[in-house]
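Undergrad: I am attaching a structure below and will ask some questions about it afterwards.
Protein chains: 4
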Amino acid sequence: MRTNGEAAGERRGTVGGRARREQIERAAAEVLADVGYAAASVARIAQQAGVSKGVITYHFRSKDEILRRVALRLFRECADHIVAQTSAAAGPAARLRAGISAELDFFSSRRLEFRAMAEVMANHRDASFTRAFDDVAGVEAVALAELLRQGQALGQFRAFDADEVAHLIGAAKNRVLDRWASDEALDLASASATLLDFVESAVSVRSAMRISDPFDELGR
Amino acid sequence: MRTNGEAAGERRGTVGGRARREQIERAAAEVLADVGYAAASVARIAQQAGVSKGVITYHFRSKDEILRRVALRLFRECADHIVAQTSAAAGPAARLRAGISAELDFFSSRRLEFRAMAEVMANHRDASFTRAFDDVAGVEAVALAELLRQGQALGQFRAFDADEVAHLIGAAKNRVLDRWASDEALDLASASATLLDFVESAVSVRSAMRISDPFDELGR
Amino acid sequence: MRTNGEAAGERRGTVGGRARREQIERAAAEVLADVGYAAASVARIAQQAGVSKGVITYHFRSKDEILRRVALRLFRECADHIVAQTSAAAGPAARLRAGISAELDFFSSRRLEFRAMAEVMANHRDASFTRAFDDVAGVEAVALAELLRQGQALGQFRAFDADEVAHLIGAAKNRVLDRWASDEALDLASASATLLDFVESAVSVRSAMRISDPFDELGR
Amino acid sequence: MRTNGEAAGERRGTVGGRARREQIERAAAEVLADVGYAAASVARIAQQAGVSKGVITYHFRSKDEILRRVALRLFRECADHIVAQTSAAAGPAARLRAGISAELDFFSSRRLEFRAMAEVMANHRDASFTRAFDDVAGVEAVALAELLRQGQALGQFRAFDADEVAHLIGAAKNRVLDRWASDEALDLASASATLLDFVESAVSVRSAMRISDPFDELGR
DNA sequence: GATGAATGAGCCTTCATTCAT
DNA sequence: GATGAATGAAGGCTCATTCAT
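Residue numbers (the UniProt record's numbering), protein chains in the order written: chain A, 1 to 220; chain B, 1 to 220; chain C, 1 to 220; chain D, 1 to 220.
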């Protein structure tokens, strides 16, 4: 019998414990993807894992910890994957492309986990109802903004508010994943291509020559 | 000559009833914006409205009806506003710009309601856990895709998968609203300008002359 | 505006009021027959009557009063009918037969009301959960027992515990009504004939000669 | 390795679980007997059992399951008891007598449970307000009718509508139990004797010699 | 007379968590 | 390590009743 003060999170030392934790996290992801954040109860997670409810509170401090881990683990794995895939790319334009590709590539084999992560990121809140993952989701945009600024400095990207545009790109990219996550039939590869082309067109420097919109003169 | 047993939803008739319903819907929106979908309970809505819990089930068939109304009403008002603001615009490019502007403009005075609507749209599910608002949110993209196709036919927009790009534009636009909704300090006007510029750049026809990326040759 | 102390039951004076009360009582009977005692709520009664819930508490002191009236009115009307139909009958045996016939006859045009009455009689309780209609239902048995005793004194009926047998006859008779009430297809006339024959055989004096049961000797 | 989310009804396995279930069922029966079907709430049952409300939903899928079990268990035990006690009886007349005696005997040590069962049988309805136990209560009459027909074939019983009479006998028998259940002072043994005599007189073949009713000729 | 509105208690159920074994 | 059992708060909803208009 463990002492009351012992932290459940520390129990991940043993090999069996780690396996159990992962089994539970996987079940939690499945439930989140299936029924959504609001209906993802500990009971349902236990049922999905084929485990008693007690096991879950034995291995996790709280439901909160499970959800956080489901989201953060994937988020970090994704970040690592992107860094690895991006490091070889030379120059901001290539890195931008490589980064987006890497992310889509990363999630392409983790449809279910992506849905789970998205559910948690969008909904999880702390005790005072403040969204808990706004910050962590924000770092992605910060890194992207920095990349955009570098590209602007090098003359690869045209002039725009880099912070703002970083968010727009991130949003477009997430929508591709969201749609694919909720519609398995969607062709992720072709959607990726469209996305890359869309983003590139939006940020790249282009000739001053622009086909004028004949209607533009008419105003509105 | 109506009864409590009768459908509460039909109680819209009397002037007092309509006012109460609106008060409750407002309170529901406030709660949704404040604590999020999962924590938006009838009790909290009642408390926010300063009425007893019973009043709410008196005026609404179910909690579901309240949430649906909070979301759909704003959604429809927004759609109407966009149609009105867009009708004068001549040509797809102008209509695209006008449409986005109109939507941002519409929500600019409804920050709280927008958050509420977003919470419901993202989370509301039916009894079998299927997202309830996926369809209604989809019609927006369908209309946008049609607009894009018209622009392509007229040579205003470059070649791309119109359906896919419609979603990307929608996502970018929503992100602007999302961020502004959760951070009042954000300057919606300037963000709008950036968004419009971003979208226009992404879809407009442009010269074939493109500044080559010196790194591109190195590949990755 | 009436004073608070005024009894709602007194409001039955006016002609309109009486009509309303009867309309509500009829609706209550319909609901009772339809959904049973436990689910017969004021809301459902109001809905059935096509009237607002408020009307009901305006005309009746409480739900309790409605139910009591639904049951008692029919009970009394039935008793009156029986008395009228029985008065002509000469002698206990004839009166027994006439009484049973009269009761079945009385309810034969009040199927729904009978179900309602039965629901209330079987379930209605006072504040301390004591069945409220045990007494009133008992008077029927008392009267029947008296009749049986008279018949015994006259040698028409054989010897038996008259009080006890009164209950048995009453139960058999009620079962006929119960079954017919819940199964419209049942032929009440033929069931009545069987019932009368059954009861008569049970109570009538008969010859001492009885066909011996050949198995009886084997005993058990 | 079971879960709270799993079907609670299957939790019968463990010895402690079974004991709790029985404790709760007993408490439910006590409450039903005490306050009647309509007022038998989960809260009251929990209070009677001396446990928290949650325990009840932990051990039972729903309130419905508890009530059904309370009724059906006793019903089946009773049926088994009757079969056992009746098997030795030779011939329909003896079996009829033995069956009635067995049932009264069975319930004589289960006064409270009988009341509970009667409450549930009379009131329990499904979601569409159809009485849930009409069928199961009907099988008793079917078996009795068959017995009566056998007796008629053997010449032990006189001619009558066996199906109808089976219901009449059942009703009479239940009334004895009902009265005894609500009035402990009632002498069940003597009531039983009267019942058996009553039934036997009603169904047995008797001599054609019948004391004529002098009043009958007068008609009515 | 009549009614829409409101109330607060109570309904059954699900919840996250605790704890003895 | 693991789990069945238990808890009490909270969930959405229905209830009989009260009351201002």
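Where is the CB? At the ideal position from N, CA and C, for every residue including glycine.
From B/Gln23 to B/Arg69, what distance separates their C-alpha atoms?
TA: In the second sequence, residue 23 of chain B corresponds to position 23, counting from 1. In the second sequence, residue 69 of chain B corresponds to position 69, counting from 1. Approximately 13 Å between the Cα atoms of the pair.
Undergrad: Do D/Ala162 and D/Leu148 have their beta-carbon atoms positioned less than 9 Å apart in this structure?
TA: Mapped onto the fourth sequence, residue 148 of chain D falls at position 148. Mapped onto the fourth sequence, residue 162 of chain D falls at position 162. The answer is yes: Cβ separation under 9 Å.
Undergrad: How is A/Gly206 classed by DSSP in three states: helix, strand or coil?
TA: Indexing the first sequence from 1 puts residue 206 of chain A at position 206. It is worth fixing the name first, because residue 206 of chain A is Arg in this sequence and not Gly. Correct three-state label for A/Arg206: coil.
Undergrad: What does C/Val35 reach in chain D if we use C-beta pairs closer than 9 Å?
TA: Stepping through the third sequence from its first residue, residue 35 of chain C is reached at position 35. Within 9 Å Cβ-Cβ: Arg125, Phe129.
Undergrad: Enumerate in chain order the residues of its own chain whose CB-to-CB distance from C/Val203 is below 8 Å, with the five nearest sequence positions on each side excluded.
TA: The residue labelled residue 203 of chain C in the question sits at position 203 within the third sequence. Once the five neighbours on either side are set aside, the close Cβ partners of C/Val203 are Leu96, Leu148, Gly151, Phe157, Arg158, Phe160, Val165, Ile169.
Undergrad: Using 10 angstroms around the beta-carbon of B/Thr86, count the other beta-carbons present and answer buried if the total reaches 16, otherwise exposed.
TA: Here residue 86 of chain B is taken as the residue at index 86 of the second sequence, counted from 1. Burial call: buried.
Undergrad: Just grab the DSSP bridge partners of C/Phe157 for me.
TA: On the third sequence, residue 157 of chain C is found 157 positions in, with the first residue counted as 1. C/Phe157 is bridged to C/Ser204.
Undergrad: At a CB-CB cut-off below 8 Å, which residues of chain A make contact with B/Ser182?
TA: Counting from 1 along the second sequence, the entry for residue 182 of chain B is found at position 182. Those within 8 Å of B/Ser182 in chain A are Arg131, Asp134.
Undergrad: For C/Gly155 and C/Val205, what's the separation of their Cα atoms in angstroms?
TA: Taking the first residue of the third sequence as 1, we reach residue 155 of chain C at position 155. Taking the first residue of the third sequence as 1, we reach residue 205 of chain C at position 205. Using only the alpha carbons, I get a separation of about 7 Å.
Undergrad: So is D/Leu72 in contact with chain C if we call contact Cβ pairs under 9 Å?
TA: Your numbering for residue 72 of chain D matches position 72 in the fourth sequence. By this cut-off, D/Leu72 is not an interface position.
Undergrad: When the cut-off is 9 Å and only beta carbons count, does C/Phe160 lie next to chain D?
TA: Numbered from its first residue, the third sequence carries residue 160 of chain C at position 160. Judged by the 9 Å Cβ criterion, C/Phe160 is in contact with chain D.
Undergrad: To the nearest angstrom, how far is it from the Cα of residue 282 of chain B to the Cα of B/Ile45?
TA: Here chain B comprises residues numbered 1 to 220, so residue 282 of chain B is not present and cannot be evaluated.
Undergrad: Could you give the residue range of the alpha helix (DSSP H) that holds C/Ala102?
TA: Here residue 102 of chain C is taken as the residue at index 102 of the third sequence, counted from 1. C/Ala102 -> alpha helix (DSSP H) spans 92–108.
Undergrad: Which residue's Cα is closest to the Cα of C/Ala29: C/Arg110, C/Ala153, C/Leu104?
TA: Numbered from its first residue, the third sequence carries residue 29 of chain C at position 29. Of the listed residues, the one whose Cα sits closest to C/Ala29 is C/Arg110.
Undergrad: Could you run through the stretch 186–200 of chain B and flag, in chain order, every residue whose CB is less than 8 Å away from some CB of chain A?
TA: So the close ones are Ser190, Ala191, Thr194, Leu195, Asp197, Phe198, Val199.
Undergrad: Check the DSSP bridge columns for C/Arg125 and list the partner residues they point to.
TA: To locate residue 125 of chain C, count along the third sequence from 1; it is residue 125. According to DSSP, C/Arg125 bridges with C/Arg131.
Undergrad: Is the Cβ of D/His167 closer than 9 Å to any Cβ of chain C?
TA: Here residue 167 of chain D refers to the residue found at position 167 of the fourth sequence. By this cut-off, D/His167 is an interface position.
Undergrad: Indicate the three-state DSSP secondary structure (helix, strand or coil) for D/Tyr58 in the structure shown.
TA: Taking the first residue of the fourth sequence as 1, we reach residue 58 of chain D at position 58. Here D/Tyr58 sits in helix by DSSP.
Undergrad: Grab the span of the alpha helix (DSSP H) containing A/Val42 for me, first residue to last.
TA: Position 42 of the first sequence, counting from 1, holds the residue named residue 42 of chain A. Segment 42–49, the alpha helix (DSSP H) holding A/Val42.
Undergrad: Is B/Ala84 buried or exposed, if buried means 16 or more other CB atoms sit within 10 Å of its CB?
TA: Here residue 84 of chain B refers to the residue found at position 84 when the second sequence is read from its first residue. Exposed, because fewer than 16 other Cβ atoms sit within 10 Å of the Cβ of B/Ala84.
Undergrad: Check each residue of the stretch 24–58 of chain D: if its Cβ is closer than 7 Å to any Cβ of chain C, include it; give the result in chain order.
TA: So the close ones are Asp34, Val35, Gly36, Tyr37, Ala38, Ala39.
Undergrad: Can you check whether the C-beta of D/Val83 is within less than 9 Å of a C-beta belonging to chain C?
TA: For the purposes of this step, residue 83 of chain D is identified with residue 83 of the fourth sequence, where counting begins at 1. Judged by the 9 Å Cβ criterion, D/Val83 is not in contact with chain C.
Undergrad: Under 9 Å between C-beta atoms, does residue 300 of chain D make it to chain C?
TA: One cannot answer for residue 300 of chain D here, as it falls past the ends of chain D, which runs 1 to 220.
Undergrad: Keeping to the same chain, check which residues put their C-beta closer than 6 Å to that of B/Val199; ignore five residues upstream and five downstream.
TA: What you label residue 199 of chain B is simply residue 199 of the second sequence in a count that begins at 1. Only Ile169 meet the Cβ criterion.
Undergrad: Considering only the alpha carbon of each residue, which of D/Ala94, D/Leu196, D/Arg131 lies closest to C/Asp183?
TA: Along the third sequence, read from residue 1 onward, the residue named residue 183 of chain C stands at position 183. With distances taken between Cα atoms, C/Asp183 lies closest to D/Arg131.
Undergrad: Classify A/Arg20 as buried or exposed, calling it buried when 16 or more other Cβ atoms lie within 10 Å of its own Cβ.
TA: Indexing the first sequence from 1 puts residue 20 of chain A at position 20. Looking at its Cβ environment, which holds 16 or more other Cβ atoms inside 10 Å, A/Arg20 is buried.
Undergrad: Does DSSP put A/Leu186 in a helix, a strand or coil?
TA: Within the first sequence, the letter at position 186 stands for residue 186 of chain A. Looking at A/Leu186 - three-state DSSP - the assignment turns out to be coil, as it is neither helix nor strand.
Undergrad: Determine the contact status of B/Ala38 and A/Asn123, defining contact as a CB-CB distance below 9 Å.
TA: As a position in the second sequence, residue 38 of chain B is number 38, starting the count at 1. As a position in the first sequence, residue 123 of chain A is number 123, starting the count at 1. Yes, Cβ-Cβ distance for B/Ala38 and A/Asn123 is below 9 Å.
Undergrad: What would DSSP say about residue 225 of chain A, mapped onto helix, strand or coil?
TA: Nothing can be reported for residue 225 of chain A, as the shown portion of chain A is limited to 1 through 220.
Undergrad: Skipping 5 residues on each side, what residues in its chain have a beta carbon closer than 8 Å to that of B/Ala141?
TA: Taking the first residue of the second sequence as position 1, residue 141 of chain B is located at position 141. Result list for B/Ala141: Asp163, Ala166, His167, Gly170, in chain order.
Undergrad: According to the neighbour-count rule (16 or more other Cβ atoms, all chains shown, within 10 Å of its Cβ), is B/Phe106 buried or exposed?
TA: Locating residue 106 of chain B in the second sequence gives position 106, where the first residue counts as 1. It is buried - the Cβ of B/Phe106 has at least 16 other Cβ atoms within 10 Å.
Undergrad: Helix, strand or coil: how does DSSP classify C/Ser52 here?
TA: Position 52 of the third sequence holds residue 52 of chain C. Coil at C/Ser52, not helix or strand.
Undergrad: Comparing C-alpha positions only, which one of C/Gly36, C/Val31, C/Asp64, C/Ser201 sits nearest to C/Gly50?
TA: By one-based count along the third sequence, residue 50 of chain C stands at place 50. Out of C/Gly36, C/Val31, C/Asp64, C/Ser201, C/Val31 has the C-alpha closest to the C-alpha of C/Gly50.
Undergrad: Would you call the CB atoms of C/Ala33 and C/Glu103 closer than 9 Å?
TA: Numbered from 1 along the third sequence, position 33 holds the residue referred to as residue 33 of chain C. Numbered from 1 along the third sequence, position 103 holds the residue referred to as residue 103 of chain C. The answer is no: Cβ separation not under 9 Å.
Undergrad: Starting from D/Gly16, trace the alpha helix (DSSP H) both ways and give me its first and last residue.
TA: Against the fourth sequence, residue 16 of chain D aligns to sequence position 16. It spans 15–35 - the alpha helix (DSSP H) in which D/Gly16 sits, taken as one unbroken run.
Undergrad: In this structure, how does DSSP classify C/Ala79 when only helix, strand and coil are distinguished?
TA: For the purposes of this step, residue 79 of chain C is identified with residue 79 of the third sequence, where counting begins at 1. If DSSP states are grouped into helix, strand and coil, C/Ala79 belongs with the helices.
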